[in-house]
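Chemist: Residue numbers (UniProt numbering), protein chains in the order written: chain A, 1 to 270; chain B, 1 to 270.
Built from N, CA and C at the ideal position, the CB exists for glycine as well.
The structure presented is a predicted model; accordingly, all values stated were derived computationally and were not measured.
What follows is a single structure, and I will ask about it in a moment.
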DNA sequence: TCAATAGTGTCTGTCAGACACTATTTT
DNA sequence: AAAATAGTGTCTGACAGACACTATTGA
């Protein structure tokens with residue numbers, strides 16, 4: 001069945017807004033009674049430039065930080081934005097996200113869990129035109145400084161608390177907020193928190209990850225029991241760390257488990 | 001910093017696969033030593049046609065069904081596929097998904113929870129070219145029959161068990177499988193299962209939703225206690241249903257709760 | 001010694017698994 | 001009455017919240 005696309009509003013005999021799909025009978029009525037020229041299109045489609053945007057989180061000095069760049073070009077020149085870029089020929093969105101991660105932060109994307117979160121497609125979200133962005137979440141161990149992007153604008157860690165009060169380019173405020181909530185849920189149901197830690201870490205450090213991301217305090221004893229009791233979460237290294245005042249903490253590595261079951265309960269929800 | 005894009009494989013002095021990004025020094029070396037003509041591009045971008053594909057699930061005769069269409073055109077003509085379509089001017093992906101839902105199944109998209117799940121972007125996933133699809137999950141109460149699509153090919157309910165043994169068009173087998181797993185997780189952490197039921201339903205019917213989607217049996221007594229004990233999941237109507245042999249079951253409606261906390265435990269995982 | 005952090009033991013409340021039991025209908 | 005389904009009561013085990021307690025370091 002052929003479909004016709006109304007280029008402009010038609011006012012006869014019924015008000016038809018632009019963009020309406022008419023069936024052949026309606027089309028004939030509109031043309032005959034209105035004497036209107038109608039452009040025939042099989043199916044109105046829209047081409048878009050796909051992009052991958054990154055929410056890269058890390059913990060610096062016990063506070064949650066996100067990697068942001070200062071935009072060097074219009075639009076939104078000078079404003080902070082999430083790092084990201086256009087899909088190139090032959091790339092999937094995952095490829096693009098991995099490449100951008102390396103370019104913007106110097107991190108090796110093959111060693112970081114990079115997770116697709118959501119796709120944003122509002123027609124007006126980018127003034128340059130139809131740009132549909134897919135957001136990826138990366139969770140990195142504490143990084144001292146960003147190793148400068150290649151041709152990207154200055155990239156830097158920004159404290160989450162700080163960034164939430166700042167205006168970001170495009171719809172990146174909404175994206176950051178929603179992705180942050182996604183990351184918080186991930187900590188409940190997966191063992192991904194260990195990805196925030198260095199290769200070897202103590203249970204106290206792991207707890208600080210949860211506290212920083214969730215923004216609350218946890219009971220150290222119960223946390224200890226929970227993570228040690230979850231099979232596959234932690235692997236004992238047999239070594240200890242003695243750098244603080246207090247009893248030396250045992251060092252662990254990430255275990256093979258991916259899913260945290262039963263989940264880690266977030267006190268705010270109960 | 002300018003970036004150059006290698007159109008074809010370069011074989012001098014190092015093997016450079018097509019698509020590689022060269023920095024200026026590498027470029028000069030390649031051109032000088034290889035005498036190669038290189039097309040200069042600022043940033044190779046790729047335009048894509050965004051589409052929304054739908055996984056519409058329902059339960060018919062206590063079995064999980066998915067809405068599939070028979071493709072009427074090449075490619076994959078005659079094969080089963082997920083319903084879906086191209087984004088039209090002015091539409092977001094959510095708009096497209098809602099429109100397609102109505103067109104393909106006759107359902108009102110404003111009354112159904114339509115949830116974005118994942119975006120698939122492998123360059124070769126569609127032989128027609130660069131088509132990036134975002135998958136939406138819709139969960140519908142038991143529908144007697146599909147009310148025929150407008151111009152779409154024949155749409156029909158197919159039992160999940162059956163469809164998993166069938167070859168589907170494009171990468172829709174993978175999409176269906178992964179979205180199904182997503183739906184199963186949704187039942188654990190949200191109250192969305194009630195969306196499978198008619199407006200008023202019994203606890204037994206709600207249990208059958210879980211059993212059909214998870215593909216396992218549940219203990220009726222414990223299920224009863226769990227859902228009645230979760231505040232906001234069910235709203236008592238005061239009425240009862242007497243159509244089967246057995247004690248009449250109380251009728252409920254959906255409550256305001258969206259999140260199921262603590263989650264409904266899936267026996268297979270414990 | 002004191003302060004600080006790590007780790008253990010244990011009580012309690014909540015809730016899922018299991019199952020016996022009651023309740024109310026159709027056949 | 002028998003079969004079938006709905007709903008309740010209750011025991012048990014797993015586990016989180018709470019907190020006292022021990023262990024081991026630096027200052």
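#1: Looking at chain A, is there any beta carbon in it that lies within less than 7 Å of the beta carbon of residue 166 of chain B?
#2: Nearest to residue 113 of chain B by CA position, among B:232, B:197, B:240 and B:70, is which residue?
#3: Using a Cβ cut-off of 8 Å, pull out every chain B residue sitting near residue 118 of chain A, in sequence order please.
#4: Among all the DSSP beta bridges, which residues are the ones paired with residue 240 of chain A?
#5: For residue 130 of chain B, which residues from the same chain have a beta carbon less than 8 Å from its beta carbon, with the 5 sequence-adjacent residues on both sides left out?
#6: Kindly say whether residue 110 of chain B, judged by its beta-carbon, lies nearer than 7 Å to any beta-carbon of chain A.
#7: Using only alpha-carbon positions, find the residue among A:135, A:93 and A:215 that is nearest to residue 81 of chain A.
#8: Measure the alpha-carbon distance for residue 194 of chain A versus residue 240 of chain B and round it to whole angstroms.
#9: By how many angstroms is the C-alpha of residue 61 of chain B removed from the C-alpha of residue 157 of chain A?
#10: For residue 261 of chain B, which of helix, strand or coil comes out of DSSP?
#11: Beta-carbon within less than 8 Å of residue 208 of chain A's beta-carbon, same chain only, minus the 5 sequence neighbours each way: which residues are those?
#12: Could you tell me which of A:105, A:201, A:235 and A:71 sits nearest to residue 138 of chain A, measuring between CA atoms?
#13: Where do the N-terminal and C-terminal ends of the alpha helix (DSSP H) with residue 178 of chain B fall, by residue?
#14: I'd like the span of the alpha helix (DSSP H) that includes residue 207 of chain A, first residue to last.
#15: Looking at the C-beta of residue 45 of chain A, does it have a partner C-beta in chain B at a distance below 7 Å?
#16: At a CB-CB cut-off below 8 Å, which residues of chain B make contact with residue 121 of chain A?
#17: Helix, strand or coil for residue 227 of chain A, going by three-state DSSP, please let me know.
#18: At what residues does the alpha helix (DSSP H) containing residue 97 of chain B begin and finish?
#19: Would you decide whether residue 235 of chain B is buried or exposed? Buried here means 16 or more other CB atoms lie within 10 Å of its CB.
#20: Listing by chain order, which chain B residues have their CB less than 8 Å from the CB of residue 263 of chain A?
#21: Report all residues from its chain with a CB closer than 8 Å to the CB of residue 184 of chain A; omit the five preceding and five following residues, and keep chain order.
#22: Of the choices A:51, A:161 and A:237, whose alpha-carbon is the least far from that of residue 125 of chain A?
#23: Check residue 221 of chain A in the structure and name its three-state DSSP category.
#24: For the 8 Å Cβ check, are there 3 or more pairs between the stretch 72-80 of chain B and the stretch 223-237 of chain B?
#25: Skipping 5 residues on each side, what residues in its chain have a beta carbon closer than 8 Å to that of residue 190 of chain A?
#26: For residue 140 of chain B, which three-state DSSP category applies?
#27: So, helix, strand or coil for residue 61 of chain A, using DSSP?
#28: How many angstroms separate the CA atom of residue 35 of chain A from the CA atom of residue 89 of chain B?
#29: How long is the line joining the alpha carbons of residue 249 of chain A and residue 203 of chain B, rounded to whole angstroms?
#30: Give me, in chain order, the residues of the same chain whose beta-carbon lies closer than 8 Å to that of residue 182 of chain A; leave out the 5 immediate sequence neighbours on both sides.
#31: Does the ligand FMN have a heavy atom nearer than 6 Å to the CB of residue 68 of chain A?
#32: In chain order, what residues of the same chain lie with their CB nearer than 7 Å to the CB of residue 115 of chain A, ignoring the 5 residues before and after it?
#33: When we look at the beta-carbon of residue 264 of chain B and count the other beta-carbons within 10 Å, is it buried (16 or more) or exposed?
#34: Look up residue 160 of chain B in the DSSP assignment and give the residues it is bridged to.
#35: Let me check understanding here. Comparing Cα to Cα, which of B:64, B:54 and B:57 lies closest to residue 216 of chain B?
Modeler: Looking at the atomic coordinates:
#1: Reading the second chain from its first residue, position 166 is the one you call residue 166 of chain B. It does not; no Cβ of chain A falls within 7 Å.
#2: The residue given as residue 113 of chain B occupies position 113 in the second chain. Among B:232, B:197, B:240 and B:70, the Cα nearest to that of residue 113 of chain B belongs to B:197.
#3: For the purposes of this step, residue 118 of chain A is taken as residue 118 along the first chain, with counting starting at 1. Result: 116.
#4: Within the first chain, residue 240 of chain A is the residue found at index 240, counting from 1. By DSSP's assignment, residue 240 of chain A forms a beta bridge with A:250.
#5: Position 130 of the second chain, counted from the start, is the residue given in the question as residue 130 of chain B. Cβ within range, chain order: 46, 47, 48, 49 and 123.
#6: Mapped onto the second chain, residue 110 of chain B falls at position 110. At least 7 Å separates the CB of residue 110 of chain B from every CB of chain A.
#7: As a working note, residue 81 of chain A is residue 81 in the first chain. Looking at the Cα atoms, A:135 is the closest of the given residues.
#8: On the first chain, position 194 is the one that residue 194 of chain A refers to. On the second chain, position 240 is the one that residue 240 of chain B refers to. A straight line joining the alpha-carbon of residue 194 of chain A with that of residue 240 of chain B spans about 51 Å.
#9: On the first chain, position 157 is the one that residue 157 of chain A refers to. On the second chain, position 61 is the one that residue 61 of chain B refers to. Roughly 55 Å between the two C-alpha positions.
#10: Within the second chain, the letter at position 261 stands for residue 261 of chain B. When secondary structure is reduced to three states using DSSP, residue 261 of chain B falls in the coil class, being assigned neither helix nor strand.
#11: In the first chain, the residue the question calls residue 208 of chain A occupies position 208. Correct list, in chain order: 59 and 62.
#12: Locating residue 138 of chain A in the first chain gives position 138, where the first residue counts as 1. Taking each of A:105, A:201, A:235 and A:71 in turn and checking the Cα distance to residue 138 of chain A, the smallest one comes out for A:105.
#13: As a first step, residue 178 of chain B must be located in the second chain, where it is residue number 178. Per DSSP, residue 178 of chain B belongs to the alpha helix (DSSP H) from 172-189.
#14: For the purposes of this step, residue 207 of chain A is identified with residue 207 of the first chain, where counting begins at 1. Under the DSSP assignment, residue 207 of chain A falls in the alpha helix (DSSP H) whose first and last residues are 203-214.
#15: Along the first chain, read from residue 1 onward, the residue named residue 45 of chain A stands at position 45. Interface residue, yes.
#16: As a position in the first chain, residue 121 of chain A is number 121, starting the count at 1. Per Cβ cutoff of 8 Å: 50, 87, 92, 93, 94 and 134.
#17: Position 227 of the first chain, counted from the start, is the residue given in the question as residue 227 of chain A. In the displayed model, residue 227 of chain A falls within a helix according to three-state DSSP.
#18: Stepping through the second chain from its first residue, residue 97 of chain B is reached at position 97. Per DSSP, residue 97 of chain B belongs to the alpha helix (DSSP H) from 93-105.
#19: The count along the second chain starts at 1 and reaches residue 235 of chain B at position 235. Exposed, by the Cβ-count rule.
#20: Locating residue 263 of chain A in the first chain gives position 263, counting from the first residue. Those within 8 Å of residue 263 of chain A in chain B are 263.
#21: As a position in the first chain, residue 184 of chain A is number 184, starting the count at 1. Contacts found: 213, 214 and 266.
#22: In the first chain, residue 125 of chain A corresponds to position 125, counting from 1. Measuring from the Cα of residue 125 of chain A, the nearest candidate turns out to be A:51.
#23: By one-based count along the first chain, residue 221 of chain A stands at place 221. Helix at residue 221 of chain A.
#24: No contact exists between the stretch 72-80 of chain B and the stretch 223-237 of chain B.
#25: Position 190 of the first chain, counted from the start, is the residue given in the question as residue 190 of chain A. Here the set comprises 258, 259 and 260.
#26: Numbered from 1 along the second chain, position 140 holds the residue referred to as residue 140 of chain B. In the structure shown, residue 140 of chain B sits in coil (DSSP, three-state: anything other than H, G, I, E or B).
#27: The sequence position of residue 61 of chain A within the first chain is 61, counting from 1. Coil, per DSSP.
#28: Counting from 1 along the first chain, the entry for residue 35 of chain A is found at position 35. Counting from 1 along the second chain, the entry for residue 89 of chain B is found at position 89. Model confidence at residue 35 of chain A stands at a pLDDT of 47, short of 50, so the residue's coordinates are unreliable; what they give is reported in the following sentence. If I take the Cα positions, the gap works out to 25 Å.
#29: Your numbering for residue 249 of chain A matches position 249 in the first chain. Your numbering for residue 203 of chain B matches position 203 in the second chain. In this model, residue 249 of chain A and residue 203 of chain B are separated by some 50 Å (Cα to Cα).
#30: Within the first chain, residue 182 of chain A is the residue found at index 182, counting from 1. Closer than 8 Å at the Cβ level, and outside the excluded window around residue 182 of chain A, lie 117, 118 and 137.
#31: In terms of ligand content, the structure shown is empty, and the ligand FMN therefore cannot be addressed.
#32: To locate residue 115 of chain A, count along the first chain from 1; it is residue 115. Within the same chain, residue 115 of chain A has close Cβ partners 136 and 137.
#33: Start at 1 with the first residue of the second chain, and residue 264 of chain B comes out as number 264. The residue in question, residue 264 of chain B, is buried, as its Cβ has 16 or more Cβ neighbours within 10 Å.
#34: Your numbering for residue 160 of chain B matches position 160 in the second chain. Paired residue(s): none; residue 160 of chain B is not in a bridge.
#35: Position 216 of the second chain, counted from the start, is the residue given in the question as residue 216 of chain B. The alpha carbon of residue 216 of chain B has as its nearest neighbour, out of B:64, B:54 and B:57, the alpha carbon of B:64.
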